[in-house]
Amino acid sequence: MGTDNKYAALNEMQRRAVFQTEGPVLILAGAGSGKTRVLTHRMAYLIEEIMVPSYHILAITFTNKAAKEMKERVEKLIGDPAREAWISTFHSACIRILRRHCSLLGYTDGFTIYDPEDQKNVIRRLLREMNINEKMFTPRSVLGAISHAKDELVTPSRYDEIAKGDLFKEKVAVLYHRYQKALLENQAMDFDDIIAKTVALFEQNPEILEYYQEKFRYIMVDEYQDTNTAQYRLIRLLANKYENLCVVGDDDQSIYRFRGANIRNILDFEKDYQDACVIRLEENYRSTQTILDAANAVIAHNVGRKSKTLWTQNETGDPIRVYEAYNEEEEANYVAEQIIQKVSGKTRRYIDMAILFRTNAQSRALEERMIMANIPYRLYGGTPFYQRMEIKDILCYLRLIANDKDYVAAERILNVPKRGIGTVTVEKLRSFAVEQSYGITEAIEQSVLSEELRRASKKLSPVGELFTAFRGQAQDVSLTEFIPLIMEKVGYKDYLREEDPERYEDRIQNLDEFVNRAAEYEETAPEPSLGGFLEELALVAAIDSFEEGADAVSMMTLHSAKGLEFPVVFMTGMEDGIFPGYMSLTSGDEEDIEEERRLCYVGITRAQKELYMTYAKIRRVHGLEQISKVSQFMREIPMDLLEEEVGKMEQKEEGPVRKFVKTPEVHFQNRYVGKNVAPPVSQPGGPGEGFAPGDLVTHRKFGLGTVKEVQSVNADYQVKVNFVKVGEKTLFAKLAGIKKV
Ligand code: ATP
Ligand code: MG
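Residue numbers (the working numbering): 53 to 793.
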């Protein structure tokens with residue numbers, strides 16, 4: 053067999069997994085041990101050496117990004133011959149199959165895929181028809197129950213049985229029947245249907261199933277630990293004939309339980325396939341020894357796992373850098389400073405670095421800081437903060453309150469939440485206002501006088517009154533009170549809940565974060581005002597995201613980071629209540645904490661060379677400052693793997709005395725004393741005294757420069773310096789170690 057170098061670049065166990073092409077294979081291994089690499093090489097091997105035509109291969113991954121990467125890697129290995137292999141996510145593979153055969157399921161002209169909003173509209177209509185009060189049975193809870201049933205492949209008739217005796221479920225059962233009927237009438241499927249319908253297609257049509265069994269003689273599934281019941285069933289059906297099924301996964305990385313993923317699918321593989329070949333990979337190629345030790349230490353706290361030992365030949369590497377920030381803004385500053393230092397020192401490029409966080413709302417402070425520091429970034433799996441729907445909506449309310457002639461803002465929110473004001477009316481109102489040089493509220497007040505608007509004026513006038521009232525209040529209350537007040541008066545939260553139940557929690561978190569931003573503004577601005585706030589935001593809100601493939605820092609939630617790797621990783625918001633999240637801390641279910649811990653393990657193991665963990669001592673929640681406590685996961689990491697960076701707060705005090713964590717665990721607090729603590733950087737006399745415009749200064753890397761502006765921020769000063777070599781830079785004086793000459 054002409055196995056060339058590419059298989060020599062695998063270890064013995066990996067090679068075994070690649071060469072074991074026939075029969076069921078389970079590769080159970082920890083992070084960074086080359087599972088995905090085995091899959092790509094296995095595909096290459098099948099095509100090149102076993103001469104399997106690529107159209108006989110199906111490889112499933114979890115995200116589009118992962119699928120794209122896998123495709124690229126295989127093509128890099130063997131080029132064109134890989135072209136006809138299906139390398140995709142569960143959903144795109146199923147959509148492809150359904151498009152061809154949906155007529156067998158009663159779909160005559162193809163099908164539309166409904167998004168959550170469409171789904172909700174259907175449910176609301178059905179609730180009305182059945183005279184059910186939406187307050188009692190919210191579309192959200194009904195859809196949640198239906199979605200869960202579909203993940204578990206529970207059909208409407210099965211659901212009838214399960215529901216007996218449970219009032220809520222009995223109603224859901226009726227709705228589930230009608231909902232499916234309605235979808236079919238509309239020739240539509242929802243997201244969960246895509247998998248469930250494919251399973252149904254195969255189960256009801258043995259000849260079709262056989263066609264695909266013949267087609268996909270070799271099946272591979274990455275991240276198998278995150279498959280749910282429907283996905284599991286689908287794979288079982290397809291692999292049933294040839295049983296050339298290779299699944300890879302890591303039970304320690306199962307992080308989608310909340311979406312019905314069932315860790316048992318991987319743990320029971322040996323039972324499902326009696327003659328399965330089980331391969332364990334134990335060598336980690338991705339991370340330094342230190343990073344790996346930290347990951348192992350954290351995950352060891354989970355009980356009921358298949359114990360694995362991961363080791364590496366990689367160097368010990370740097371300690372994990374821990375940084376206690378004063379608050380989230382300062383945390384973001386720190387991250388930005390580290391990034392700038394690495395890039396300007398030419399040790400890393402932006403693309404080598406990733407910032408991870410638990411929830412999307414946390415991206416706000418980080419994004420803002422990146423924008424201000426001119427650091428290109430890409431936000432994965434989410435919309436940049438200021439482009440999120442709910443943020444834009446509320447911003448537009450504020451804009452229209454501040455400026456009655458902000459027609460663009462008016463267009464966005466006149467009918468948000470829905471007030472029965474159509475786009476035609478909005479357009480007419482706008483042109484009427486522009487013609488008469490009225491503001492929007494004025495135009496509404498005068499609308500009875502307009503031929504065109506007279507009929508709509510009844511619907512419009514409450515909106516006019518609303519804005520007049522808002523303007524009256526704007527003077528009297530603080531922004532942190534005003535924003536929630538607007539949301540309450542217009543029923544914005546109810547609207548969001550109805551709009552998209554699945555995203556509701558996320559959106560509320562974003563809005564809370566927006567209120568936090570307002571609080572921060574009010575604390576720092578000399579004369580806070582609505583106009584001033586909007587002006588400040590306009591600077592960051594207008595930035596477009598950076599183009600694909602550009603050299604940029606990656607920002608994403610821990611969930612979206614699965615399977616990826618980066619030389620430098622920042623895990624931010626390492627606080628109890630953030631990560632592990634508040635819900636998992638208070639639910640009383642140890643399983644919830646364990647799932648969060650697996651997520652932490654995923655996060656740590658993304659890092660190849662350098663890992664940072666940061667947390668804020670004070671974080672704003674609903675606009676109020678709260679003292680937070682360092683994450684319990686960080687406390688599970690042995691102290692000799694950590695090195696604490698001295699923050700600005702510490703430098704104010706005498707000497708590097710640690711006060712790492714506010715916990716009763718004294719041994720932990722004291723363990724930094726005298727250890728690895730960096731000496732305090734330059735010591736200017738006191739706040740603001742160190743630098744003044746016109747001062748000549750030096751910086752380690754940028755060299756000589758002249759101070760242009762000085763601004764005091766927290767315990768440091770932000771100085772704008774015009775450097776001879778590199779031009780203007782805005783830096784934190786102490787942090788950057790700027791010295792006067
Ligand atoms: P995860 O659980 O995070 O998905 P994984 O097990 O899929 O991780 P891979 O992403 O396949 O791991 O591999 C991790 C890194 O180690 C990659 O950069 C890969 O190229 C490298 N690697 C894997 N095996 C070897 C090997 N035998 N020799 C050199 N490098 C390897
Ligand atoms: Mg992988």
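Backbone N, C-alpha and C define an ideal beta-carbon position, used for all residues, glycine too.
- The residue from Y634, K123, E186 with its alpha-carbon nearest to that of I112 is K123.
- Here DSSP, grouped into helix, strand and coil, assigns Q171 to helix.
- The Cβ-Cβ distance between C154 and F163 falls below 9 Å.
- The closest heavy atom of the ligand ATP lies less than 8 Å from the beta carbon of Y337.
- Beta-bridge partners assigned by DSSP to T520: none are found.
- I790 carries a coil assignment under DSSP once its states are collapsed to helix, strand and coil.
- A distance below 7 Å between beta-carbons, with the five flanking residues on each side excluded, links N385 to the following residues of its chain, in chain order: R421, F784.
- For V749, the enclosing beta strand (DSSP E) begins and ends at 748-751.
- At least one heavy atom of the ligand ATP lies less than 8 Å from the C-beta of D302.
- Bounds of the alpha helix (DSSP H) holding Y634 are 634-638.
- Looking at the backbone, the Cα of I492 and that of I473 are separated by about 14 Å.
- In the DSSP assignment, V468 falls outside any beta strand (DSSP E), carrying neither H nor E.
- In the same chain as L466, and ignoring 5 residues on each side of it, the C-beta atoms closer than 7 Å to its own belong to I473, V478, V515, in chain order.
- Taken in chain order, the unbroken stretches of beta strand (DSSP E) that lie wholly in the region 340-401 and span 3 residues or more are 372-379.
- Taking the CA atoms as reference points, A69 sits about 7 Å from I79.
- As the crow flies, the alpha-carbon of E697 is around 10 Å from that of Y664.
- Just measuring C-alpha positions, the residue of G82, H93, A81 sitting nearest R67 is H93.
- Between E169 and D552, the C-beta spacing is below 9 Å.
- For K781, the uninterrupted beta strand (DSSP E) segment begins and ends at 779-784.
- For F163, the secondary structure class from DSSP, reduced to helix, strand or coil, is coil.
- Distances from the CB of T364 to the heavy atoms of the ligand MG are all 8 Å or more.
- Residues of the same chain with a CB within less than 8 Å of the CB of V387, apart from the 5 flanking positions on each side, are I407, L418, R421, F622, T624, Y664, T666 in chain order.
- About 26 Å separates the Cβ atoms of S612 and G356, ruling out a contact at the 8 Å cut-off.
- Secondary structure note for E695: its beta strand (DSSP E) is the uninterrupted segment 694-697.
- Residue environment for S359: exposed (fewer than 16 other C-beta atoms within 10 angstroms of its C-beta).
- Counting only unbroken stretches of 3 or more residues, the beta strand (DSSP E) elements lying wholly within the region 603-659 are 605-609, 618-623, in sequence order.
- In the three-state DSSP reduction, R451 falls in the helix class (H, G or I).
- Within the chosen limit of 8 Å, the ligand MG does not reach the beta carbon of E540 with any heavy atom.
- The three-state secondary structure of Q763, taken from DSSP, is strand.
- Following the DSSP letters along the chain, one finds L129 in no beta strand (DSSP E) but inside the alpha helix (DSSP H) bounded by residues 116-130.
- Membership of T141 in the beta strand (DSSP E) is indicated by the continuous run 138-141.
- The DSSP assignment places 297-301, 329-333 as complete runs of the beta strand (DSSP E) inside the region 293-349, in order along the chain (cut-off: 3 residues).
- In this structure the region 672-690 does not touch the region 314-332; the number of beta carbon pairs closer than 8 Å is below three.
- Here DSSP, grouped into helix, strand and coil, assigns V90 to helix.
- The beta carbon of K87 sits closer than 8 Å to at least one heavy atom of the ligand MG.
- Cβ contact annotation for A225 (same chain, cutoff 6 Å, sequence separation greater than five): Y211, D212, A215, in chain order.
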